[in-house]
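S.K.:
There are 2 protein chains.
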Amino acid sequence: MDVDTALLYTQRTMNQTIEIIKARRSIRSFSDRPVTEETLSVLKEATLRAPTAGNMALYSIIEVVDQQKKERLALLCDDQPMIAKAPIVWVFLADMQKWVNYFNESGAVRRAEEAGLALYRAPGLGDLHLCMQDAIIAAQNAVIAAEALGLGSCYIGDVIENFEEVRSLLNLAQYTIPATMLIFGYPAQAQHVKLTPRCPISSIFMTDEYQQPHLKEMSEAFAAHEEQRRRVRSLPYDNSGTLADYYYLRKHTSAFMKEMNRSTEVMFDWWVNG
Amino acid sequence: MDVDTALLYTQRTMNQTIEIIKARRSIRSFSDRPVTEETLSVLKEATLRAPTAGNMALYSIIEVVDQQKKERLALLCDDQPMIAKAPIVWVFLADMQKWVNYFNESGAVRRAEEAGLALYRAPGLGDLHLCMQDAIIAAQNAVIAAEALGLGSCYIGDVIENFEEVRSLLNLAQYTIPATMLIFGYPAQAQHVKLTPRCPISSIFMTDEYQQPHLKEMSEAFAAHEEQRRRVRSLPYDNSGTLADYYYLRKHTSAFMKEMNRSTEVMFDWWVNG
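Just so you know, the protein sequences line up as chains W and C, in that order. My numbering puts the first residue of the first sequence at -2, with every later residue one more than the last. My numbering puts the first residue of the second sequence at -2, with every later residue one more than the last.
#1: Thinking just about the alpha-carbon of each residue, which of C/115, C/51, C/144, C/131 is nearest to the one in residue 40 of chain C?
#2: Taking CB distances under 8 Å as the criterion, tell me whether residue 162 of chain W reaches chain C.
#3: By the 10 Å Cβ neighbour count, where 16 or more other Cβ atoms means buried, how is residue 23 of chain C classified, buried or exposed?
#4: Around the C-beta of residue 165 of chain C, are 16 or more other C-beta atoms found within 10 angstroms, so that it is buried, or is it exposed?
#5: Cα separation between residue 97 of chain W and residue 213 of chain C?
#6: Would a check of beta-carbon distances place residue 33 of chain W closer than 8 Å to chain C?
#7: Please list the segments of the alpha helix (DSSP H) lying wholly inside the segment 184 to 260 of chain C, counting only runs of 4 or more residues, in order along the chain.
#8: Would you mind working out which of W/204, W/228, W/195 sits nearest residue 215 of chain W, comparing C-alpha positions?
#9: Give the single residue among W/245, W/135, W/258, W/262 whose Cα lies nearest to the Cα of residue 101 of chain C.
#10: Please classify residue 95 of chain C as buried or exposed, where buried requires at least 16 neighbouring CB atoms within 10 angstroms.
#11: Can you tell me which of C/54, C/44, C/82 puts its alpha carbon nearest to the alpha carbon of residue 29 of chain C?
#12: Let me know the alpha helix (DSSP H) ranges lying completely inside the segment 77 to 110 of chain C, each 4 residues or longer, listed in chain order.
#13: Counting beta carbon pairs with one atom in the segment 173 to 189 of chain W and one in the segment 127 to 140 of chain W, are three or more of them shorter than 8 Å?
#14: Which residue's Cα is closest to the Cα of residue 167 of chain W: W/88, W/64, W/15, W/42?
#15: At a CB-CB cut-off below 7 Å, which residues of chain C make contact with residue 77 of chain W?
#16: Return the first residue and the last residue of the alpha helix (DSSP H) that residue 134 of chain W is part of.
#17: Can you pull the chain C neighbours of residue 206 of chain W, defined as C-beta to C-beta under 7 Å?
#18: Taking buried to mean at least 16 other C-beta atoms within 10 Å of its own C-beta, is residue 182 of chain W buried or exposed?
#19: Extract the residue ranges of the alpha helix (DSSP H) inside the segment 15 to 66 of chain C, only unbroken runs of 4 or more that lie entirely within it.
#20: Check whether the Cβ of residue 248 of chain W lies closer than 8 Å to any Cβ atom in chain C.
#21: Leaving out five residues on either side along the sequence, give the residues of the same chain with a beta carbon under 7 Å from the beta carbon of residue 170 of chain C.
#22: Excluding five sequence neighbours on each side, which residues of the same chain lie with their C-beta closer than 6 Å to the C-beta of residue 117 of chain C?
#23: From what residue to what residue does the beta strand (DSSP E) around residue 166 of chain C run?
#24: Taking Cβ-Cβ distances shorter than 9 Å, what residues in chain D pair up with residue 130 of chain C?
#25: Relative to the C-alpha of residue 18 of chain W, which candidate in W/141, W/104, W/233 has its C-alpha closest?
#26: For residue 36 of chain C, decide whether its Cβ has a neighbour in chain W, counting only Cβ atoms nearer than 8 Å.
#27: With a cut-off of 8 Å, do at least 3 Cβ pairs link the segment 146 to 165 of chain C to the segment 195 to 208 of chain C?
#28: Can you look up residue 153 of chain C in the DSSP assignment and give me helix, strand or coil?
#29: Answer with yes or no whether the minimum CB distance from residue 255 of chain C to chain W is below 8 Å.
#30: Can you tell me the Cα-Cα spacing of residue 138 of chain W and residue 111 of chain C, whole angstroms?
#31: DSSP state of residue 116 of chain W, grouped into three classes?
#32: Can you tell me which of W/84, W/172, W/49 puts its alpha carbon nearest to the alpha carbon of residue 27 of chain W?
#33: Taking 8 Å as the CB-CB limit, is residue 72 of chain C close to chain W?
#34: Just to check my reading of the structure: residue 159 of chain C and residue 73 of chain C have Cβ atoms closer than 8 Å, yes? What is that Cβ distance to the nearest angstrom?
#35: Return helix, strand or coil for residue 176 of chain W, following the three-state DSSP convention.
#36: Decide if residue 252 of chain C is buried, meaning its Cβ has at least 16 other Cβ atoms within 10 Å, or exposed.
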């Protein structure tokens, strides 16, 4: 390939990837079309190309294929039946356990101690943070790769609820906790649905320091969130309330957010204290 | 566009995006070529298309342009001068602060309490986890969009060190903590460097439950990590040690990992307790 061809190729490639990213929306309803082993393998290989801290791959991915487990997981994730119906279900784990095993079983811990070089350090919240970064970076790599393969996807943040039961269901070890979860499949039908709105650039990007968004900025930033604004009508207020009321009642003070907070506290404590 | 054209277009698009993902490597040295406002704007718009929980955009991005701040940040992030030299420096914040402001200043908290619908709930670790997911998902969206625009990128996990100073430098509020950081720029020269190896699919993906990798599995999973294996020779062991020794001494028990753990503890505590 000569330089001009390469440049042309790159430019074409560029735009198409940007278009894929810009056209992406969450898919919650899947067709019966099976995902072939070949496609799955391309998806997995692309996922693993995600950058990872120190190239340590501080994550693992549990592919849930057992139908009973899928159904149990659907219940544990705020009762969302679409999870049990999804052709592909991946739980992304922040994983320091494999390195703890490797350090100990290889003799590295003992050698360092005998040579007076280092004392054992149990993983803490810093490791947890770094492992979470690795796992979630890999997840979004998977989302875009899937999109490029024609597969729809949806994040299931609810996987951080009911930690004790999720832990038991997935046989988690101390230094493995759910970072996020994804479901994939071919979209149920050609879905020509409007893209969900996003906040304007100026409301997310700030220069040199954090500038607290207040009432005016937030009202402007979320002015386009029509779908959520329509739901405002269902609030039990005389004058129907505002977008802030909707998010406050239906999200922030909801039972599932309370559970996420309880569950994550147990999760982080388990990582640190066992 | 008719169906065949659309299909052809999709298939071509697919492969090119997958190729971009598979060819991506971290870039730590940048050319002087400036990033135009137009390119920057395309990058930002693509970044914001990242999926976010409940479409709440639970993150903010601080673009550090002030050269003195860049240099200070470079020092705080384990003294990496490449940060100060990078044309674009973005700190991704998990951000619940803007919603706390919105809930309070809009009157949503008061209305809910007066109507007997909900009592105020301060953000906890569950919110932190969910906000981190949002921020890191957006970061990897930015990485792939950048790649498609010819821009190289590198994650700086070290942004979670020295929290007290980073907080002061970036004027962080209680419910805003660093989730990750990225630097971008055009690569210093056409870099035909070998891709860093990744673990085999079978060592990252597990079926239905977590299966602890032990010595044998870890040795096989990281057998291809040549670059790190070459560094093993620099260890102060007679027989030069193993890959596990390298990672244990140079990463796990390093000063920067200890600092990450101390710093993240302060960070999470601040979010919960102020």
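Cβ atoms here follow ideal geometry from the backbone N, Cα and C, with glycine treated the same way. Computed from a predicted model, the values in this text were never measured in an experiment.
M.R.: Answer, in terms of the structure:
#1: Translated into positions along the second sequence, residue 40 of chain C becomes position 43. Comparing Cα-Cα distances from residue 40 of chain C to each of C/115, C/51, C/144, C/131, the minimum goes to C/144.
#2: For the purposes of this step, residue 162 of chain W is taken as residue 165 along the first sequence, with counting starting at 1. Not one chain C Cβ lies under 8 Å of residue 162 of chain W.
#3: For the purposes of this step, residue 23 of chain C is taken as the residue at position 26 of the second sequence. With fewer than 16 other Cβ atoms within 10 Å, it is exposed.
#4: The residue given as residue 165 of chain C occupies position 168 in the second sequence. With fewer than 16 Cβ atoms within 10 Å of its Cβ, residue 165 of chain C is classed as exposed.
#5: Along the first sequence, read from residue 1 onward, the residue named residue 97 of chain W stands at position 100. Along the second sequence, read from residue 1 onward, the residue named residue 213 of chain C stands at position 216. Each residue's Cα considered, the two are about 14 Å apart.
#6: For this step, residue 33 of chain W is matched to residue 36 along the first sequence. Not an interface residue.
#7: 198 to 201, 212 to 218, 223 to 228, 240 to 244
#8: Numbered from 1 along the first sequence, position 218 holds the residue referred to as residue 215 of chain W. For the residues W/204, W/228, W/195, the minimum Cα distance to residue 215 of chain W belongs to W/195.
#9: Here residue 101 of chain C refers to the residue found at position 104 when the second sequence is read from its first residue. The candidate whose alpha carbon is nearest that of residue 101 of chain C is W/245.
#10: Sequence index remark: in the second sequence, residue 95 of chain C carries index 98 (1-based). The residue in question, residue 95 of chain C, is buried, as its Cβ has 16 or more Cβ neighbours within 10 Å.
#11: For the purposes of this step, residue 29 of chain C is taken as the residue at position 32 of the second sequence. Among C/54, C/44, C/82, the Cα nearest to that of residue 29 of chain C belongs to C/82.
#12: 79 to 82, 94 to 102
#13: yes
#14: Here residue 167 of chain W refers to the residue found at position 170 of the first sequence. The residue with the shortest Cα to Cα distance from residue 167 of chain W is W/88.
#15: As a position in the first sequence, residue 77 of chain W is number 80, starting the count at 1. Those do not exist, as residue 77 of chain W stays about 13 Å from chain C at its closest Cβ, beyond 7 Å.
#16: Position 137 of the first sequence, counted from the start, is the residue given in the question as residue 134 of chain W. Counting along the chain, the alpha helix (DSSP H) containing residue 134 of chain W begins and ends at 122 to 145.
#17: Mapped onto the first sequence, residue 206 of chain W falls at position 209. Here the neighbours are 59, 167, 168.
#18: One-based indexing of the first sequence puts residue 182 of chain W at position 185. Buried: at least 16 other Cβ atoms inside 10 Å.
#19: 34 to 45
#20: The residue given as residue 248 of chain W occupies position 251 in the first sequence. By this cut-off, residue 248 of chain W is an interface position.
#21: Here residue 170 of chain C refers to the residue found at position 173 when the second sequence is read from its first residue. So the list reads 94, once near-sequence residues are dropped.
#22: Locating residue 117 of chain C in the second sequence gives position 120, where the first residue counts as 1. Taken in chain order, the residues that qualify are 106.
#23: Locating residue 166 of chain C in the second sequence gives position 169, counting from the first residue. Taken as a continuous stretch (DSSP letters only), residue 166 of chain C belongs to no beta strand (DSSP E), being part of the alpha helix (DSSP H) at 160 to 166.
#24: Among the protein chains of the structure shown, namely W and C, there is no chain D.
#25: Indexing the first sequence from 1 puts residue 18 of chain W at position 21. Residue 18 of chain W has its Cα closest to that of W/141, out of W/141, W/104, W/233.
#26: Position 39 of the second sequence, counted from the start, is the residue given in the question as residue 36 of chain C. Taking Cβ atoms only, chain W never reaches closer than 8 Å to residue 36 of chain C, which makes this a no.
#27: no
#28: Within the second sequence, residue 153 of chain C is the residue found at index 156, counting from 1. Here residue 153 of chain C sits in coil by DSSP.
#29: Counting from 1 along the second sequence, the entry for residue 255 of chain C is found at position 258. Cβ-Cβ to chain W under 8 Å: yes for residue 255 of chain C.
#30: Start at 1 with the first residue of the first sequence, and residue 138 of chain W comes out as number 141. Start at 1 with the first residue of the second sequence, and residue 111 of chain C comes out as number 114. So the two alpha carbons sit approximately 45 Å from each other.
#31: Residue mapping note: residue 116 of chain W aligns to position 119 of the first sequence, counting from 1. Here residue 116 of chain W sits in coil by DSSP.
#32: Locating residue 27 of chain W in the first sequence gives position 30, where the first residue counts as 1. Ranking W/84, W/172, W/49 by Cα distance to residue 27 of chain W puts W/84 first.
#33: Your numbering for residue 72 of chain C matches position 75 in the second sequence. So no, residue 72 of chain C is outside the interface.
#34: The residue you call residue 159 of chain C lines up with position 162 of the second sequence. The residue you call residue 73 of chain C lines up with position 76 of the second sequence. The pair is a contact, with the Cβ atoms about 5 Å apart (cut-off 8 Å).
#35: Taking the first sequence and counting its residues from 1, one reaches residue 176 of chain W at position 179. Residue 176 of chain W: strand per DSSP, three-state reduction.
#36: Locating residue 252 of chain C in the second sequence gives position 255, counting from the first residue. Under this definition residue 252 of chain C is an exposed residue.
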